[in-house]
Amino acid sequence: MINRIAGSFFIGALFISILDFLYFIGLKLNYFNFYKIDIYFNVLFYDNQNFYLLAPLSFVVGYILIYSFAAKFFMKIYILVILLFMGALYEPVGKKLGESIFLKKNQQFLFGSTAFNGAILYTGRDNIYIYRKELEKTIKLPIAEVKNITIK
């Protein structure tokens with residue numbers, strides 16, 4: 004019984020990690036690199052990972068793929084899901100995916116005594132990355148020094 008639980012969890016974690024890798028590498032290559040957001044992949048991965056969902060999902064996926072009576076059917080479904088996640092590696096899909104998750108358009112900011120408009124590309128641990136259309140570039144500012152003054 005313990006072997007089944009442990010085996011399900013570890014095999015599931017392996018299969019979920021493959022999907023996770025495809026998803027986050029697609030975001031890194033096609034969204035973060037496109038907007039020149041200089042964040043390490045490991046920080047991006049860790050800060051945006053839902054570990055509370057990852058553990059139970061690993062167990063369920065592992066159990067279904069190993070011990071289910073329809074394991075072969077679910078393996079075919081898993082292969083289709085891998086192909087779906089590989090879509091994040093395609094530039095327009097990965098960029099659109101990143102925009103739907105992280106991008107907040109038409110924001111107003113106050114930095115010191117300077118007010119400006121921009122789009123939030125990503126909010127990290129210490130820095131916020133803002134796209135300034137009038138400058139046509141991404142700027143990186145310390146979160147502690149930037150105030151979002153957008154009226155909702």
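The sequence shown finishes on residue 155 if you use the numbering used here, and the numbering steps up by one all the way, no holes.
Just so it is clear, CB atoms sit at the ideal spot from N, CA and C, and this is done for glycine as well.
Simplified DSSP assignment, three categories, for residue i
i: Phe-72; result: coil
i: Gly-15; result: helix
i: Gly-10; result: helix
i: Asn-33; result: helix
i: Ile-21; result: helix
i: Thr-26; result: Note that residue 26 corresponds to Tyr in the displayed sequence, not to Thr. Of the three classes helix, strand and coil, the one that applies to Tyr-26 here is helix, per DSSP.
i: Ile-42; result: coil
Chain-order list of residues whose beta-carbon lies under 8 Å from that of residue i (same chain, five-residue window excluded)
i: Leu-106; result: Ala-122, Ile-123 and Leu-124
i: Asp-50; result: Gly-127 and Arg-128
i: Lys-98; result: Asn-33, Tyr-34 and Phe-37
i: Phe-114; result: Leu-144, Glu-148, Val-149 and Lys-150
i: Ile-19; result: Leu-57, Leu-60, Ser-61 and Val-64
Counterpart residues of residue i in DSSP-defined beta bridges
i: Phe-119; result: Phe-112
i: Ile-133; result: Ile-123 and Ile-142
i: Asn-151; result: Phe-112
Buried versus exposed, by CB contacts within 10 Å (16 or more), residue i
i: Ala-118; result: exposed
i: Val-149; result: buried
i: Asn-130; result: buried
i: Phe-44; result: exposed
i: Ile-146; result: exposed
i: Lys-75; result: exposed
i: Val-46; result: exposed
i: Phe-13; result: exposed
i: Lys-136; result: exposed
Contact set for residue i: own chain, Cβ-Cβ below 6 Å, skip 5 residues either direction
i: Glu-94; result: Asn-33
i: Gly-29; result: Ala-91, Leu-92 and Gly-97
i: Met-89; result: Leu-25
i: Phe-48; result: Phe-27
i: Gly-15; result: Ser-61, Phe-62, Val-64 and Gly-65
Close beta carbons around residue i, own chain, < 7 Å, minus the five adjacent residues each side
i: Phe-77; result: Ile-67, Leu-68 and Ser-71
i: Asn-53; result: none
Distance cut-off 7 Å: residue i Cβ against heavy atoms of the ligand MN
i: Phe-114; result: As far as ligands go, the structure on display features none, and thus does not contain the ligand MN.
Notebook entry, point to check: Which ranges would you report for the alpha helix (DSSP H) in the stretch 48–114 if only whole runs of at least 4 residues count?
Noted result: 54–70, 74–89 and 94–105
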